[in-house]
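Numbering (our numbering), first residue to last: 54 to 248.
Before any comments, here is the structure.
This is the structure:
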């Protein structure tokens, strides 16, 4: 799982991790990436990298993980984590499990569907038409009002931006003239704007 707790508050994260722990407890393998887990979430994992120092009580798990997975840590321990895993019993068990799961059981057939889609074309078509009917045709007068107001709003915004972009080049040239004439006391800003 790629960051199953991202964007969740502490309570929701705890619920997700309990669910993942229950999944592991029934014999499923779960691989997770979790950025900056709390210590409670970190302790929910039961198989971490062997050969590294244990995390101290109250220490930030993210900092600990960054410290123990560096190349400098591997050199200090004299260990290559990838080779250590490849030679471990866990790796051998995982490879055996993959080989076992990869082979179909005797007497079973490959999964096959007659069509790419669950329903035939005509059922799909009538469902889409019915959905469009209820989405657009049956909303009533209030929806018509919202559609009209929204269209006018979009049109005015478009026209305003278009006019603004058109006038900007003229204003850039006229600004110099305005500053000169205002400094001479000929015009104030308001009549110059509308003139």
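Glycine residues also receive a C-beta, built at the ideal position from the N, C-alpha and C atoms.
Boundaries of the alpha helix (DSSP H) around residue 114: 114 to 121. For the 9 Å CB-CB criterion, residue 68 and residue 83 do not form a contact. Annotation: the continuous alpha helix (DSSP H) that includes residue 74 extends over 63 to 78. Proximity to residue 122 across 113, 65, 134 peaks at 134, based on C-alpha coordinates. The beta-bridge partner set that DSSP reports for residue 197 is empty. Going by DSSP, residue 96 is part of no alpha helix (DSSP H) at all; its letter is neither H nor E.
Beta-bridge annotation (DSSP): residue 82 is not paired with any residue. Rounded to whole angstroms, the Cβ separation of residue 114 and residue 85 is 13 Å, and the two are not in contact under 8 Å. Under the DSSP definition of a beta bridge, residue 55 partners with 86. Residue 171: not part of any alpha helix (DSSP H); DSSP gives it neither H nor E. Rounded to whole angstroms, the gap between the alpha carbons of residue 197 and residue 210 is 20 Å. For residue 142, the three-state secondary structure derived from DSSP is helix. DSSP, read as helix, strand or coil, puts residue 137 in helix.
Counted as a single uninterrupted DSSP element, the stretch harbouring residue 157 is not any alpha helix (DSSP H), since DSSP gives it neither H nor E.
In the DSSP assignment, residue 129 falls within the alpha helix (DSSP H) that extends over 124 to 130.
Taken through DSSP and simplified to helix, strand or coil, residue 106 comes out as coil.
Taking 9 Å as the cut-off, the Cβ atoms of residue 118 and residue 97 do not count as close. Separation of residue 241 and residue 234 (C-alpha to C-alpha, rounded to the nearest whole angstrom) is 9 Å.
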